[in-house]
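**Student:**
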Amino acid sequence: LIDGGQGQMTAVRQILADLGVEDRVVAIGIAKGPDRDAGRERFFVKGRESFMLPVRDPVLYFVQRLRDEVHRFAIGSHRARRKKEMVKSPLDEIAGIGPGRKRALLLAFGTAKAVSRAAVEDLVKVDGISEHVAKLVYNHFHES
């Protein structure tokens, strides 16, 4: 079930053909009408003219719910991925710095930028940061 009209269906058919499975997979496109109103969806199936189902058809209702659930899942996944990207830190790139040490460094210094400016002597004062790890952190930010 493809959320889209003729353009998306053409792309999907090409991909199925490239994979050699176009005869084994039935693809059906569903697109909202030009006014974007639910209940006015147009269906696209290979070898048929596009068609619409009656507004109160249970199949139409089921397909709308299916599409809406897919949208909800996709949007939720996108938001989670974006949130994860937003909390990325330069500290994540340092071998030996896991979530616990990262948390300890950020609690002690406030920001990754402040950690990057810290001397080895200041880094070792943080719980869980040995001299070896402090040097790894310092070198990460100061070696080119």
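For the sequence shown, the working numbering assigns the number 1391 to the initial residue and increments by one for each residue that follows. Cβ atoms here follow ideal geometry from the backbone N, Cα and C, with glycine treated the same way.
Just the Cα atoms here: how many angstroms apart are residue 1455 and residue 1477?
**Tutor:** Near 33 Å, if we compare the C-alpha coordinates of residue 1477 and residue 1455.
**Student:** Once the 5 residues before and after residue 1505 are set aside, which same chain residues still bring their CB inside 6 Å of it?
**Tutor:** Answer for residue 1505: 1495, 1499, listed in chain order.
**Student:** Classify residue 1391 as buried or exposed, calling it buried when 16 or more other Cβ atoms lie within 10 Å of its own Cβ.
**Tutor:** It is exposed - the Cβ of residue 1391 has fewer than 16 other Cβ atoms within 10 Å.
**Student:** Excluding the 5 residues flanking residue 1441 on each side, which residues of the same chain have their C-beta closer than 6 Å to its C-beta?
**Tutor:** Once the five neighbours on either side are set aside, the close Cβ partners of residue 1441 are 1433.
**Student:** Starting from the N-terminal side, write out each stretch of the beta strand (DSSP E) that is 3 residues or longer and does not extend beyond the region 1430-1484.
**Tutor:** For the region 1430-1484, whole beta strand (DSSP E) runs of length 3 or above, ordered along the chain, are 1432-1435.
**Student:** Counting Cβ pairs closer than 8 Å, one from the region 1483-1492 and one from the region 1447-1464, do we hit at least three?
**Tutor:** Flag = no, the region 1483-1492 and the region 1447-1464 do not touch.
**Student:** Just to check my reading of the structure: residue 1431 and residue 1418 have Cβ atoms closer than 8 Å, yes? What is that Cβ distance to the nearest angstrom?
**Tutor:** Going by Cβ atoms, the distance from residue 1431 to residue 1418 rounds to 11 Å, so no, they are not a contact pair.
**Student:** Note the first and the last residue of the continuous beta strand (DSSP E) segment covering residue 1487.
**Tutor:** First-last for residue 1487: undefined, no H or E at that position.
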